[in-house]
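Order-wise, the sequence lines are chains Y and V. If you're matching positions, the first sequence starts at 1 in my numbering and goes up one per residue. If you're matching positions, the second sequence starts at 1001 in my numbering and goes up one per residue. The C-beta atom is built at its ideal place from N, Cα and C for all residues, glycine as well. These numbers were taken from a predicted model, which means no experiment stands behind them. As structure tokens, the structure follows; a few thoughts come after it.
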Amino acid sequence: MGRVRVAVVGAGVVGLSTALCIAECIPHCSVTVLADKFSPDTGSDGAAGFVYVNKFPDTPVDRQKRWLKDTFDHLFSISNSSEAPDAGVYLISGWQVFRDPPSEKRPYWSDVVLGFRFMSDAELEKFPKHKFGQAFTSLKCECPLYLPWLEKRFKNANGQVQRGRVTDFGQLCGNYDIIVNCTGLGSLSLAGDTDLHPVRGQILKVQAPWLKHFIRDGDGLTYIFPGISSVTLGGTRQKDDCRLTADPKDRSDMFERCCALEPSLKKSQVLTEWVGLRPTRGGLRLEKEMFQHGSRQVPIIHNYGHGGGGISLHWGTALEATQLVKECIGNRYLASNL
Amino acid sequence: MRVAVIGAGVIGLSSALCILDRYRSSVTPLIIEVYADQYTPLTTSDGAAGLWQPYLYDKGNVQETKWNKETFDYLLTYINDPDSIKMGIFTQSGYNLFTEPTPDPSWRDSVLGFRHLTPQELDMFPGYSYGWFNTALMIEGKSYLPWLMDRLREQGVIFFHRKIESFRELVDSGVDVIVNCTGIRAGELQPDQDLKPGRGQILKVEAPWLKHFIITNDHKTGVYTTPYIIPGSRLVTIGGIFQLGNWSQESNSQDHQKVWESCSKLVPSLKHARIVDDWAGLRPVRSKVRLERETLEYGAAKSEVIHNYGHGGFGLTIHWGCAQEAANLFGKVVEEKRQKATSRL
Chain Y
1 MGRVRVAVVG AGVVGLSTAL CIAECIPHCS VTVLADKFSP DTGSDGAAGF
51 VYVNKFPDTP VDRQKRWLKD TFDHLFSISN SSEAPDAGVY LISGWQVFRD
101 PPSEKRPYWS DVVLGFRFMS DAELEKFPKH KFGQAFTSLK CECPLYLPWL
151 EKRFKNANGQ VQRGRVTDFG QLCGNYDIIV NCTGLGSLSL AGDTDLHPVR
201 GQILKVQAPW LKHFIRDGDG LTYIFPGISS VTLGGTRQKD DCRLTADPKD
251 RSDMFERCCA LEPSLKKSQV LTEWVGLRPT RGGLRLEKEM FQHGSRQVPI
301 IHNYGHGGGG ISLHWGTALE ATQLVKECIG NRYLASNL
Chain V
1001 MRVAVIGAGV IGLSSALCIL DRYRSSVTPL IIEVYADQYT PLTTSDGAAG
1051 LWQPYLYDKG NVQETKWNKE TFDYLLTYIN DPDSIKMGIF TQSGYNLFTE
1101 PTPDPSWRDS VLGFRHLTPQ ELDMFPGYSY GWFNTALMIE GKSYLPWLMD
1151 RLREQGVIFF HRKIESFREL VDSGVDVIVN CTGIRAGELQ PDQDLKPGRG
1201 QILKVEAPWL KHFIITNDHK TGVYTTPYII PGSRLVTIGG IFQLGNWSQE
1251 SNSQDHQKVW ESCSKLVPSL KHARIVDDWA GLRPVRSKVR LERETLEYGA
1301 AKSEVIHNYG HGGFGLTIHW GCAQEAANLF GKVVEEKRQK ATSRL
């Protein structure tokens, strides 16, 4: 049996990590990443990179938790190594504050992050409009650094990279045995997925190097994430809004909301702004589909629909996708020996 | 009344401000002069990392624990002030690490969110089996001292760039009250066997991905002798040197190596950090802070001295509580003078 040729479509955080996982974990595989956009132009690049995730309504909680934990553990070990600054991965502590106590005070991820506890009254005094809060330590993973770092590791594992847009899975069936679809919103056309829709997010980057804690409002709309060279302020959640240019009204509104949470931001210098479209779906699509191409059947492993949780779940979904690829190869071997 | 404050580190400037704020309306005229040969950014307060954290245990010195808490509470009131960063104040959380179970510190209820470390957190620090996590405050001398000077200047305080050679020269010139905030060099004005230098050397590095302070502790070798990493508003301070009795203010390569190696071992990502600066300073170490009055008489000339020095490595941590106490002592001087004046009628 010759080398199995795997095509991974998409070079955002999901595509690169999945490709790397396959290249490192499965012997006798040649892996090629195909994408029209690479870092710093992917949807992953502008995201703050804070490891935290809202619940997918249509995915079982224990499956989501496993993805989150696998990702957290993977990033945690990078953060403690000398690779941390190259990979853009580091620990950050802070607070999630709620105007009114949420129905679920202790979320499913509370034992995945570090040191989770409820905020004390003294801590809540900093947030006069908020009555309840959670304090914990999580991770940051900055894609403008992390994606090139992944790509380097991928190439060291003999991975190939090809620039170009894939408009039809059929294009790939002649040259590849297995296709892995990590195209995020690209699956709207590529996979004809009507459950998938964009949720627009606009953010602002400011210079405020004295800020060391994240602050997230439980409503998920207002957040402050200190980074390596800037602080990300956000944000918006606009369903089915595809505008990729920054809206000045959104910008001034989010700046005001963030300053209300952290008054020292009023003295910060604005650097840039960015808009990303979260590839949102009721449930994250991670499954195998057999694609009919002429007389052949080519397996496609779908790995998309991470919404705003791409960075938070990437390694867990990459591991699971790799497992699905392994199963395909196993079946193929069995089939070829019948 | 004419008041001369000697020393323009955090102790001198905050004492001046406290006295001014409390007595400017009741004591008229209230003339305050500051005398120092070093001003920001060249004082000991400027070199310090600026983390609010007292020594672990007060050993019964509840007065100092009270002053530390007062300082924390005072600085915390500025945390939502848009000018907080101009003052050099911001919050930072972090880790205190130990090689054995350790009783909670005397300041556990002063800081925010104090808790013990979980096993998963301790996994980050091989060799350390116990620890604490809390949110504390940073107070950076390089911003705070200029802010204090602005507040003082606004209220007419005059600054003299001059070394005072003796208390006598001030007493002779007619100063009513001297506030002695001379830190490590207090012995030059009045011998003090209890005051000794606790030399420290630190490196300032570029490591903006670090968002927590990490302080290791060794009960046997003592405070500041083991590695510590304290991110600041721009650079990260790393250190772990405490040499009692060493008067050298020069950095030396041996201490530089020791700090660099031990801190890189603690946090491997530091290997990529660029070293920007190297500095040595003398902590004014004393068995306890000297904060008390003394009357000085030279013939007919008489002055009251309020001593406020010997804050070791916790000057920024304790400054406001001490400044308030210095102002209390000043108030007593004012009261005594009033009573004397009335008793003469």
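Exercise. L1210 of chain V and D1278 of chain V look like a contact to me (Cβ under 8 Å); what is the Cβ gap, rounded to whole Å?
Worked result: The residue given as residue 1210 of chain V occupies position 210 in the second sequence. The residue given as residue 1278 of chain V occupies position 278 in the second sequence. No, L1210 of chain V and D1278 of chain V are not in contact; Cβ-Cβ is about 18 Å, not under 8 Å.
For this session: Just the C-alpha distance for F1160 of chain V and A1008 of chain V, rounded to the nearest angstrom, thanks.
Result: Your numbering for residue 1160 of chain V matches position 160 in the second sequence. Your numbering for residue 1008 of chain V matches position 8 in the second sequence. Roughly 10 Å separates the two Cα atoms.
For this session: Check whether the Cβ of A47 of chain Y lies closer than 9 Å to any Cβ atom in chain V.
Result: Residue mapping note: residue 47 of chain Y aligns to position 47 of the first sequence, counting from 1. Chain V, which has no Cβ nearer than 9 Å to the Cβ of A47 of chain Y, makes this no.
Problem set entry | is_contact[I228 of chain Y, chain V] using C-beta, thresh 9 Å | What you label residue 228 of chain Y is simply residue 228 of the first sequence in a count that begins at 1. Yes, its Cβ sits closer than 9 Å to a Cβ of chain V.
Exercise. Which chain V residues sit within Cβ distance under 7 Å of L114 of chain Y?
Worked result: On the first sequence, residue 114 of chain Y is found 114 positions in, with the first residue counted as 1. The contacting residues are T1118, Q1120 and E1121.
Problem set entry | CA nearest to the CA of L147 of chain Y, picked from Y:D41, Y:C259 and Y:T32 | Position 147 of the first sequence, counting from 1, holds the residue named residue 147 of chain Y. Taking only the C-alpha atoms, the option nearest L147 of chain Y is Y:D41.
For this session: Would you kindly check if the distance between the Cβ of P85 of chain Y and the Cβ of T1311 of chain V is under 9 Å?
Result: As a first step, residue 1311 of chain V must be located in the second sequence, where it is residue number 311. As a first step, residue 85 of chain Y must be located in the first sequence, where it is residue number 85. Thr is not the amino acid found at residue 1311 of chain V; the sequence shown has His there. Their beta carbons are not under 9 Å apart, which means H1311 of chain V does not touch P85 of chain Y by this criterion.
Exercise. Curious, which full-length alpha helix (DSSP H) runs of at least 4 residues does the segment 1228-1301 of chain V contain?
Worked result: 1253-1266
Exercise. Skipping 5 residues on each side, what residues in its chain have a beta carbon closer than 8 Å to that of K155 of chain Y?
Worked result: Along the first sequence, one-based indexing puts residue 155 of chain Y at 155. Cβ neighbours of K155 of chain Y beyond the five flanking positions: V161.
Exercise. Out of curiosity, what's the CA-to-CA distance linking Y1313 of chain V and K1288 of chain V?
Worked result: Taking the first residue of the second sequence as 1, we reach residue 1313 of chain V at position 313. Taking the first residue of the second sequence as 1, we reach residue 1288 of chain V at position 288. The displayed chain sequence assigns Gly, not Tyr, to residue 1313 of chain V. When rounded, the distance between both Cα atoms is 12 Å.
Exercise. Any residues in the segment 1063-1081 of chain V with a beta carbon nearer than 9 Å to a beta carbon of chain Y? Which ones, in chain order?
Worked result: The segment 1063-1081 of chain V vs chain Y, Cβ under 9 Å: L1076, I1079, N1080 and D1081.
Problem set entry | Contact under 9 Å by Cβ, A1280 of chain V with E1261 of chain V | Within the second sequence, the letter at position 280 stands for residue 1280 of chain V. Within the second sequence, the letter at position 261 stands for residue 1261 of chain V. Contact: no.
For this session: Identify every run of the beta strand (DSSP E) within the segment 230-291 of chain Y, keeping only runs that are complete inside it and at least 3 residues long; order them along the chain.
Result: 231-234 and 269-280
Exercise. Under 9 Å between the Cβ atoms of E289 of chain Y and W67 of chain Y?
Worked result: In the first sequence, residue 289 of chain Y corresponds to position 289, counting from 1. In the first sequence, residue 67 of chain Y corresponds to position 67, counting from 1. No.
Exercise. What are the boundary residues of the beta strand (DSSP E) that includes F1036 of chain V?
Worked result: On the second sequence, position 36 is the one that residue 1036 of chain V refers to. A quick correction: the sequence has Ala, not Phe, at residue 1036 of chain V. Start and end: I1031 to A1036.
Exercise. Taking the C-alpha atoms as reference points, what is the distance between L1137 of chain V and V1305 of chain V?
Worked result: The residue labelled residue 1137 of chain V in the question sits at position 137 within the second sequence. The residue labelled residue 1305 of chain V in the question sits at position 305 within the second sequence. Taking the straight line joining both Cα atoms gives about 32 Å.
Exercise. Are P1103 of chain V and Y1057 of chain V closer than 9 Å when you measure CB to CB?
Worked result: Position 103 of the second sequence, counted from the start, is the residue given in the question as residue 1103 of chain V. Position 57 of the second sequence, counted from the start, is the residue given in the question as residue 1057 of chain V. Taking 9 Å as the Cβ cut-off, P1103 of chain V and Y1057 of chain V qualify as a contacting pair.
For this session: Take every Cβ of the segment 68-85 of chain Y, pair it with every Cβ of the segment 281-298 of chain Y, and state whether three or more of those distances are shorter than 8 Å.
Result: Because the criterion of three Cβ pairs below 8 Å is not met, the segment 68-85 of chain Y and the segment 281-298 of chain Y do not touch.
Problem set entry | Residue range of the unbroken beta strand (DSSP E) whose run includes V97 of chain Y | Residue mapping note: residue 97 of chain Y aligns to position 97 of the first sequence, counting from 1. Element bounds for V97 of chain Y: V89 to F98.
Problem set entry | Pair within 9 Å by beta-carbon distance, T995 of chain V and G1127 of chain V | The structure shown does not extend to residue 995 of chain V, since chain V spans only 1001 to 1345, so no value can be given for it.
Problem set entry | Selected residue, minimal CA-CA separation from K1265 of chain V, among Y:N303, Y:S17, Y:Y223 and Y:N80 | The residue you call residue 1265 of chain V lines up with position 265 of the second sequence. Among Y:N303, Y:S17, Y:Y223 and Y:N80, the Cα nearest to that of K1265 of chain V belongs to Y:N80.
For this session: Compare the beta carbon distance of T183 of chain Y and V199 of chain Y with 9 Å and say whether it is the shorter of the two.
Result: Counting from 1 along the first sequence, the entry for residue 183 of chain Y is found at position 183. Counting from 1 along the first sequence, the entry for residue 199 of chain Y is found at position 199. No, the Cβ-Cβ distance between T183 of chain Y and V199 of chain Y is not below 9 Å.
For this session: Residues of the segment 242-273 of chain Y with a CB closer than 9 Å to any CB of chain V: list them in chain order, please.
Result: Those residues of the segment 242-273 of chain Y that come within reach of chain V (Cβ to Cβ, closer than 9 Å) are C259, E262, P263, S264, L265, K266, K267 and S268.
Exercise. Beta-carbon separation of V1157 of chain V and L1020 of chain V under 9 Å?
Worked result: Along the second sequence, read from residue 1 onward, the residue named residue 1157 of chain V stands at position 157. Along the second sequence, read from residue 1 onward, the residue named residue 1020 of chain V stands at position 20. Yes; because the gap between Cβ atoms is below 9 Å, this pair is in contact.
Exercise. Closest to G15 of chain Y by CA distance: which of Y:T322, Y:E327 and Y:I329 is it?
Worked result: Start at 1 with the first residue of the first sequence, and residue 15 of chain Y comes out as number 15. Among Y:T322, Y:E327 and Y:I329, the Cα nearest to that of G15 of chain Y is on Y:T322.
Exercise. Taking 9 Å as the CB-CB limit, is L1112 of chain V close to chain Y?
Worked result: What you label residue 1112 of chain V is simply residue 112 of the second sequence in a count that begins at 1. For L1112 of chain V, the answer is yes, since a Cβ of chain Y falls inside 9 Å of its Cβ.
For this session: Mind listing the chain V neighbours of H213 of chain Y? Cutoff is C-beta to C-beta under 7 Å, in chain order.
Result: Mapped onto the first sequence, residue 213 of chain Y falls at position 213. Under the 7 Å cutoff, chain V gives T1091 and S1093.
Exercise. Using a Cβ-Cβ distance under 9 Å, would L91 of chain Y count as near chain V?
Worked result: For this step, residue 91 of chain Y is matched to residue 91 along the first sequence. So yes, L91 of chain Y belongs to the interface.
Exercise. So what does DSSP say about F50 of chain Y, is it helix, strand or coil?
Worked result: Here the question's residue 50 of chain Y lines up with position 50 in the first sequence. In the structure shown, F50 of chain Y sits in a strand (DSSP, three-state: E or B).
Exercise. On the three-state DSSP scale, how would you describe W1132 of chain V?
Worked result: In the second sequence, counting from the first residue as 1, residue 1132 of chain V sits at position 132. In the structure shown, W1132 of chain V sits in a strand (DSSP, three-state: E or B).
For this session: Measure the beta-carbon distance from V368 of chain Y to I215 of chain Y and round it to whole angstroms, keeping in mind my assumption that it falls under 8 Å.
Result: Not covered by the structure: residue 368 of chain Y. The range shown for chain Y is 1 to 338.
Problem set entry | Bridge-paired residues (DSSP) for F132 of chain Y | Indexing the first sequence from 1 puts residue 132 of chain Y at position 132. DSSP output for F132 of chain Y lists Y:F98 as bridge partner(s).
Problem set entry | With 16 other Cβ atoms within 10 Å as the buried cut-off, status of Q207 of chain Y | Within the first sequence, numbered from 1, the residue matching residue 207 of chain Y stands at position 207. Result: exposed.
For this session: Anything in chain V within Cβ reach of W339 of chain Y, meaning under 7 Å, just list it in chain order.
Result: Nothing can be reported for residue 339 of chain Y, as the shown portion of chain Y is limited to 1 through 338.
Problem set entry | Which of helix, strand or coil DSSP assigns to L338 of chain Y | The count along the first sequence starts at 1 and reaches residue 338 of chain Y at position 338. Low per-residue confidence applies at L338 of chain Y: pLDDT is 46, beneath 50, and the placement is therefore not dependable, though the value from the model is reported in the following sentence. L338 of chain Y: coil per DSSP, three-state reduction.
Problem set entry | Nearest neighbour of S44 of chain Y, chosen from Y:W315, Y:L277 and Y:E287 [CA to CA] | Stepping through the first sequence from its first residue, residue 44 of chain Y is reached at position 44. Measuring from the Cα of S44 of chain Y, the nearest candidate turns out to be Y:L277.
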